[in-house]
Amino acid sequence: MSTPTYLDLGPDRRIAHVRTKAQGAGRAAPGVVFLGGFRSDMEGTKALALEAWARREGHAFLRFDYRGHGASSGAFEDGCVGDWADDAIQAVTRLTEGPQVVVGSSMGGWIALLLARAAPARVAALVGVAAAPDFTVEMAASMNEAARAEMAATGLWRRPSAYSDDPYPITRKLIEDGARNLVLDAPLRVGFPVRLLQGTADEDVSVDVAMRLLGHVEGPDTRLTLVKGADHRFSGAREIDLLIATVEEAGLVAQKGISSPE
319 MSTPTYLDLG
329 PDRRIAHVRT
339 KAQGAGRAAP
349 GVVFLGGFRS
359 DMEGTKALAL
369 EAWARREGHA
379 FLRFDYRGHG
389 ASSGAFEDGC
399 VGDWADDAIQ
409 AVTRLTEGPQ
419 VVVGSSMGGW
429 IALLLARAAP
439 ARVAALVGVA
449 AAPDFTVEMA
459 ASMNEAARAE
469 MAATGLWRRP
479 SAYSDDPYPI
489 TRKLIEDGAR
499 NLVLDAPLRV
509 GFPVRLLQGT
519 ADEDVSVDVA
529 MRLLGHVEGP
539 DTRLTLVKGA
549 DHRFSGAREI
559 DLLIATVEEA
569 GLVAQKGISS
579 PE
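Heads up, the sequence shown is in my numbering, so the first residue is 319 and it goes up one at a time.
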(Lines of atoms letter the chains of each structure in order from A and count residues from 1; the text may use other names and numbers.)
(Lines give C-alpha, C1' and ligand atoms only; values in the text may rest on other atoms or scores of the structure.)
Protein backbone atom coordinates (compact mmCIF):
# COMPACT_ATOMS: atom_id res chain seq x y z
CA MET A 1 0.00 0.00 0.00
CA SER A 2 1.48 3.35 -1.06
CA THR A 3 1.47 6.30 1.29
CA PRO A 4 -0.77 9.03 -0.15
CA THR A 5 0.28 12.60 -0.71
CA TYR A 6 -2.11 15.52 -0.56
CA LEU A 7 -3.40 18.13 -2.94
CA ASP A 8 -4.21 21.19 -0.83
CA LEU A 9 -7.21 23.06 -2.22
CA GLY A 10 -8.06 25.12 0.84
CA PRO A 11 -7.73 25.19 4.62
CA ASP A 12 -10.25 22.35 5.03
CA ARG A 13 -9.91 20.63 1.67
CA ARG A 14 -7.09 18.16 1.17
CA ILE A 15 -7.35 15.48 -1.52
CA ALA A 16 -5.37 12.32 -0.77
CA HIS A 17 -3.88 10.74 -3.87
CA VAL A 18 -1.30 8.31 -5.18
CA ARG A 19 0.34 9.11 -8.48
CA THR A 20 2.42 6.85 -10.71
CA LYS A 21 4.66 8.52 -13.27
CA ALA A 22 4.95 7.33 -16.87
CA GLN A 23 8.06 5.39 -17.81
CA GLY A 24 9.63 4.33 -21.11
CA ALA A 25 7.24 3.64 -23.96
CA GLY A 26 4.31 4.38 -21.63
CA ARG A 27 5.08 8.09 -21.88
CA ALA A 28 3.49 8.18 -25.33
CA ALA A 29 0.18 6.75 -24.12
CA PRO A 30 -2.58 8.62 -22.31
CA GLY A 31 -2.45 8.46 -18.53
CA VAL A 32 -5.16 6.66 -16.59
CA VAL A 33 -7.28 8.11 -13.77
CA PHE A 34 -9.50 6.01 -11.52
CA LEU A 35 -12.68 7.52 -10.08
CA GLY A 36 -14.15 5.50 -7.22
CA GLY A 37 -17.72 4.91 -6.18
CA PHE A 38 -20.07 6.12 -3.49
CA ARG A 39 -18.39 5.83 -0.05
CA SER A 40 -15.53 3.79 -1.52
CA ASP A 41 -11.88 4.76 -1.51
CA MET A 42 -8.77 4.50 -3.64
CA GLU A 43 -7.60 1.30 -1.96
CA GLY A 44 -10.17 -0.91 -3.69
CA THR A 45 -9.42 -3.95 -5.82
CA LYS A 46 -10.02 -2.29 -9.18
CA ALA A 47 -7.92 0.78 -8.41
CA LEU A 48 -4.97 -1.26 -7.14
CA ALA A 49 -5.15 -3.73 -10.04
CA LEU A 50 -5.10 -0.89 -12.55
CA GLU A 51 -2.20 0.73 -10.73
CA ALA A 52 -0.20 -2.51 -10.83
CA TRP A 53 -0.89 -2.84 -14.57
CA ALA A 54 0.09 0.80 -15.17
CA ARG A 55 3.38 0.30 -13.33
CA ARG A 56 4.16 -2.82 -15.38
CA GLU A 57 3.41 -1.08 -18.66
CA GLY A 58 4.95 2.29 -17.79
CA HIS A 59 1.69 4.27 -17.91
CA ALA A 60 0.97 7.29 -15.77
CA PHE A 61 -1.78 6.51 -13.27
CA LEU A 62 -3.71 8.49 -10.65
CA ARG A 63 -6.04 7.31 -7.92
CA PHE A 64 -7.46 9.60 -5.25
CA ASP A 65 -10.16 9.99 -2.62
CA TYR A 66 -12.98 12.52 -2.92
CA ARG A 67 -13.48 14.78 0.08
CA GLY A 68 -15.17 12.86 2.88
CA HIS A 69 -13.87 9.58 1.46
CA GLY A 70 -10.87 7.49 2.49
CA ALA A 71 -7.84 9.55 3.53
CA SER A 72 -9.09 12.90 2.22
CA SER A 73 -10.32 15.63 4.51
CA GLY A 74 -13.92 16.37 5.35
CA ALA A 75 -16.99 14.45 6.45
CA PHE A 76 -18.90 12.29 4.00
CA GLU A 77 -22.22 13.81 5.08
CA ASP A 78 -21.05 17.28 4.05
CA GLY A 79 -20.36 16.27 0.44
CA CYS A 80 -22.43 15.73 -2.68
CA VAL A 81 -21.98 14.76 -6.33
CA GLY A 82 -21.13 18.30 -7.42
CA ASP A 83 -18.42 18.55 -4.76
CA TRP A 84 -16.92 15.20 -5.69
CA ALA A 85 -17.00 16.08 -9.39
CA ASP A 86 -15.08 19.25 -8.63
CA ASP A 87 -12.54 17.18 -6.68
CA ALA A 88 -12.09 15.05 -9.79
CA ILE A 89 -11.72 18.10 -12.03
CA GLN A 90 -9.12 19.61 -9.71
CA ALA A 91 -7.23 16.31 -9.41
CA VAL A 92 -7.09 15.75 -13.16
CA THR A 93 -6.17 19.32 -14.09
CA ARG A 94 -3.56 19.73 -11.34
CA LEU A 95 -2.07 16.24 -11.05
CA THR A 96 -2.03 14.90 -14.62
CA GLU A 97 -0.71 16.02 -17.98
CA GLY A 98 -2.68 15.85 -21.20
CA PRO A 99 -5.76 13.78 -22.02
CA GLN A 100 -6.47 10.81 -19.71
CA VAL A 101 -8.32 7.52 -19.93
CA VAL A 102 -10.86 8.13 -17.18
CA VAL A 103 -12.17 5.00 -15.45
CA GLY A 104 -15.32 5.56 -13.41
CA SER A 105 -16.68 2.87 -11.10
CA SER A 106 -20.35 3.08 -10.06
CA MET A 107 -20.83 6.71 -8.95
CA GLY A 108 -17.42 7.33 -10.52
CA GLY A 109 -19.08 6.79 -13.90
CA TRP A 110 -21.36 9.76 -13.19
CA ILE A 111 -18.37 11.80 -11.98
CA ALA A 112 -16.47 10.86 -15.16
CA LEU A 113 -19.29 12.21 -17.32
CA LEU A 114 -19.37 15.47 -15.35
CA LEU A 115 -15.59 15.72 -15.72
CA ALA A 116 -15.91 15.17 -19.47
CA ARG A 117 -18.55 17.89 -19.65
CA ALA A 118 -16.40 20.37 -17.72
CA ALA A 119 -12.99 19.56 -19.23
CA PRO A 120 -13.47 17.58 -22.47
CA ALA A 121 -9.92 18.24 -23.66
CA ARG A 122 -8.57 16.31 -20.68
CA VAL A 123 -10.48 13.09 -21.50
CA ALA A 124 -8.90 10.76 -24.07
CA ALA A 125 -11.36 7.93 -23.40
CA LEU A 126 -13.95 6.99 -20.80
CA VAL A 127 -14.42 3.55 -19.28
CA GLY A 128 -17.49 3.05 -17.08
CA VAL A 129 -17.66 0.08 -14.70
CA ALA A 130 -21.23 -0.50 -13.48
CA ALA A 131 -21.64 3.22 -14.10
CA ALA A 132 -24.41 4.82 -12.02
CA PRO A 133 -25.28 8.19 -13.55
CA ASP A 134 -28.11 10.11 -11.88
CA PHE A 135 -28.46 7.45 -9.15
CA THR A 136 -29.83 9.98 -6.66
CA VAL A 137 -33.06 10.15 -8.67
CA GLU A 138 -33.72 6.45 -8.09
CA MET A 139 -32.54 6.78 -4.50
CA ALA A 140 -35.06 9.54 -3.82
CA ALA A 141 -37.83 7.54 -5.50
CA SER A 142 -37.04 4.53 -3.29
CA MET A 143 -37.66 6.41 -0.05
CA ASN A 144 -40.69 5.18 1.83
CA GLU A 145 -42.88 7.35 4.06
CA ALA A 146 -40.70 6.76 7.12
CA ALA A 147 -37.54 7.68 5.20
CA ARG A 148 -39.10 10.85 3.85
CA ALA A 149 -40.25 11.81 7.34
CA GLU A 150 -36.75 11.19 8.70
CA MET A 151 -35.17 13.38 6.04
CA ALA A 152 -37.77 16.11 6.49
CA ALA A 153 -37.11 16.19 10.23
CA THR A 154 -33.32 15.83 10.26
CA GLY A 155 -32.09 16.44 6.69
CA LEU A 156 -30.72 12.91 6.74
CA TRP A 157 -31.92 9.42 5.87
CA ARG A 158 -29.91 6.48 7.13
CA ARG A 159 -30.23 4.01 4.29
CA PRO A 160 -29.34 0.34 4.88
CA SER A 161 -26.44 -0.93 2.77
CA ALA A 162 -25.40 -4.36 1.57
CA TYR A 163 -21.76 -3.25 1.75
CA SER A 164 -21.56 -2.01 5.33
CA ASP A 165 -23.02 -2.82 8.74
CA ASP A 166 -23.58 0.90 9.18
CA PRO A 167 -26.38 2.50 7.14
CA TYR A 168 -25.39 5.06 4.54
CA PRO A 169 -26.18 8.66 5.54
CA ILE A 170 -28.18 10.10 2.64
CA THR A 171 -28.56 13.85 3.00
CA ARG A 172 -31.06 16.27 1.55
CA LYS A 173 -28.05 18.10 0.09
CA LEU A 174 -27.01 14.97 -1.81
CA ILE A 175 -30.48 14.48 -3.31
CA GLU A 176 -30.96 18.14 -4.24
CA ASP A 177 -27.45 18.51 -5.67
CA GLY A 178 -27.87 15.31 -7.67
CA ALA A 179 -30.91 16.84 -9.37
CA ARG A 180 -28.74 19.79 -10.44
CA ASN A 181 -26.07 17.55 -11.97
CA LEU A 182 -28.07 15.09 -14.05
CA VAL A 183 -26.46 13.76 -17.22
CA LEU A 184 -29.20 11.52 -18.61
CA ASP A 185 -31.65 14.35 -19.20
CA ALA A 186 -30.06 15.21 -22.57
CA PRO A 187 -27.82 13.57 -25.18
CA LEU A 188 -24.20 13.09 -24.09
CA ARG A 189 -22.12 14.30 -27.04
CA VAL A 190 -18.51 13.14 -26.80
CA GLY A 191 -15.53 13.06 -29.13
CA PHE A 192 -13.67 10.16 -27.52
CA PRO A 193 -14.10 6.39 -27.21
CA VAL A 194 -16.48 5.20 -24.51
CA ARG A 195 -16.43 1.68 -23.07
CA LEU A 196 -19.10 0.52 -20.64
CA LEU A 197 -18.73 -2.68 -18.59
CA GLN A 198 -21.78 -4.06 -16.82
CA GLY A 199 -22.53 -7.24 -14.90
CA THR A 200 -25.86 -8.98 -15.39
CA ALA A 201 -26.01 -9.96 -11.70
CA ASP A 202 -25.54 -6.38 -10.48
CA GLU A 203 -28.25 -5.72 -7.88
CA ASP A 204 -27.36 -2.03 -7.49
CA VAL A 205 -27.11 -0.86 -11.10
CA SER A 206 -29.27 -2.75 -13.55
CA VAL A 207 -28.55 -3.57 -17.17
CA ASP A 208 -31.38 -1.16 -17.98
CA VAL A 209 -29.27 1.70 -16.60
CA ALA A 210 -26.33 0.65 -18.78
CA MET A 211 -28.60 0.47 -21.84
CA ARG A 212 -30.03 3.90 -21.08
CA LEU A 213 -26.53 5.36 -20.78
CA LEU A 214 -25.49 3.68 -24.03
CA GLY A 215 -28.47 5.24 -25.73
CA HIS A 216 -27.64 8.72 -24.45
CA VAL A 217 -24.00 8.76 -25.54
CA GLU A 218 -23.53 10.32 -28.97
CA GLY A 219 -19.97 9.75 -30.10
CA PRO A 220 -17.80 8.08 -32.73
CA ASP A 221 -16.99 4.89 -30.81
CA THR A 222 -19.20 3.69 -27.95
CA ARG A 223 -19.53 0.09 -26.77
CA LEU A 224 -21.28 -1.77 -23.97
CA THR A 225 -20.00 -5.14 -22.75
CA LEU A 226 -22.31 -7.27 -20.59
CA VAL A 227 -20.68 -9.87 -18.34
CA LYS A 228 -23.00 -12.69 -17.36
CA GLY A 229 -22.97 -13.33 -13.61
CA ALA A 230 -20.80 -10.36 -12.64
CA ASP A 231 -22.05 -8.36 -9.66
CA HIS A 232 -21.74 -4.68 -8.78
CA ARG A 233 -18.24 -4.98 -7.34
CA PHE A 234 -16.91 -6.22 -10.70
CA SER A 235 -13.77 -7.31 -8.86
CA GLY A 236 -13.35 -11.02 -9.61
CA ALA A 237 -10.28 -12.19 -11.53
CA ARG A 238 -12.31 -12.48 -14.74
CA GLU A 239 -13.71 -8.97 -14.38
CA ILE A 240 -10.35 -7.42 -13.49
CA ASP A 241 -8.74 -8.99 -16.56
CA LEU A 242 -11.53 -7.58 -18.73
CA LEU A 243 -11.25 -4.15 -17.11
CA ILE A 244 -7.50 -3.97 -17.75
CA ALA A 245 -7.91 -5.15 -21.35
CA THR A 246 -10.67 -2.58 -21.90
CA VAL A 247 -8.63 0.30 -20.47
CA GLU A 248 -5.66 -0.75 -22.57
CA GLU A 249 -7.74 -0.97 -25.75
CA ALA A 250 -9.47 2.38 -25.12
CA GLY A 251 -6.10 4.02 -24.58
CA LEU A 252 -4.71 2.58 -27.81
CA VAL A 253 -7.73 3.79 -29.76
CA ALA A 254 -7.35 7.26 -28.29
CA GLN A 255 -3.60 7.26 -28.90
CA LYS A 256 -4.03 6.37 -32.55
CA GLY A 257 -6.48 9.21 -32.97
CA ILE A 258 -9.28 7.06 -34.32
CA SER A 259 -11.73 9.21 -32.35
CA SER A 260 -11.23 12.92 -32.85
CA PRO A 261 -12.98 15.76 -30.97
CA GLU A 262 -16.20 16.95 -32.57
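Built from N, CA and C at the ideal position, the CB exists for glycine as well.
Here the structure is a predicted model, which is why all the values come from computation and not from measurement.
Would a C-beta distance cut-off of 8 Å place residue i and residue j closer than the cut-off?
i: Phe352; j: Ala365; result: yes
i: Ser417; j: Ala436; result: First, the residue type needs correcting, since residue 417 is Pro and not Ser in the sequence shown. No, they are not a contact pair.
i: Gly397; j: Arg412; result: no
i: Thr414; j: Ala378; result: yes
i: Ala343; j: Val445; result: no
i: Leu515; j: Leu561; result: yes
i: Gly496; j: Asp452; result: yes
i: Gly400; j: Arg498; result: yes
i: Phe382; j: Ala409; result: yes
i: Leu380; j: Arg337; result: yes
i: Leu431; j: Leu492; result: no
i: Pro485; j: Val419; result: no
i: Gly328; j: Asp359; result: no
i: Val565; j: Leu368; result: yes
i: Val590; j: Val350; result: Nothing can be reported for residue 590: it is not among the residues displayed for the chain, which extend from 319 to 580.
i: Val508; j: Val535; result: yes
Near residue i, what residues of its chain come up, given a Cβ to Cβ distance below 8 Å and the 5 sequence neighbours on each side ignored?
i: Thr518; result: Val525, Leu544, Val545, Lys546, Gly547, Ala548
i: Ile488; result: Met457, Met469, Leu474, Trp475, Arg476, Arg477
i: Val523; result: Ser424, Ala448, Ala449, Ala450, Phe453, Gln516, His550
i: Val455; result: Gly496, Ala497, Leu500
i: Leu570; result: Ala347
i: Phe394; result: Arg357, Gly386, His387, Pro487
i: Arg490; result: Met469, Gly473, Leu474
Look up residue i in the DSSP assignment and say whether it is helix, strand or coil.
i: Asp404; result: helix
i: Ala340; result: coil
i: Glu566; result: helix
i: Gly426; result: helix
i: Gly517; result: strand
i: Ala296; result: Because residue 296 is not part of the residues shown, which for the chain are 319 to 580, the question remains open.
i: Arg541; result: strand
i: Arg332; result: strand
i: Val420; result: strand
i: Glu557; result: helix
i: Lys574; result: helix
i: Asp526; result: helix
i: Thr323; result: strand
Between residue i and the ligand COA, is the CB less than 7 Å from at least one heavy atom?
i: Ile558; result: For the structure depicted, the ligand COA is absent and the ligand set is empty, with no information on it obtainable.
Measure how close the beta-carbons of residue i and residue j come, nearest whole angstrom, since I'm counting them as under 8 Å.
i: Ala448; j: Ser479; result: About 16 Å separates the two Cβ atoms, so there is no contact after all.
i: Ala443; j: Phe510; result: 5 Å
For residue i, which residues of its own chain have a beta-carbon under 7 Å away from its beta-carbon, when the five flanking residues on both sides are left out?
i: Thr540; result: Val512, Leu532
i: Ser391; result: Asp330, Arg331, Arg332, Arg385
i: Lys339; result: Ala378
i: Ala406; result: Leu353, Ile429, Leu433
Taking 6 Å as the limit between beta carbons, can you name the residues of its chain near residue i, skipping five residues before and five after?
i: Asn462; result: none
i: Trp371; result: Ile562
Threshold first: 3 residues or longer. Then list the beta strand (DSSP E) segments lying entirely within the segment 442–515, N to C. 474–479, 482–489
Extract the residue ranges of the beta strand (DSSP E) inside the segment 355–400, only unbroken runs of 3 or more that lie entirely within it. 379–382
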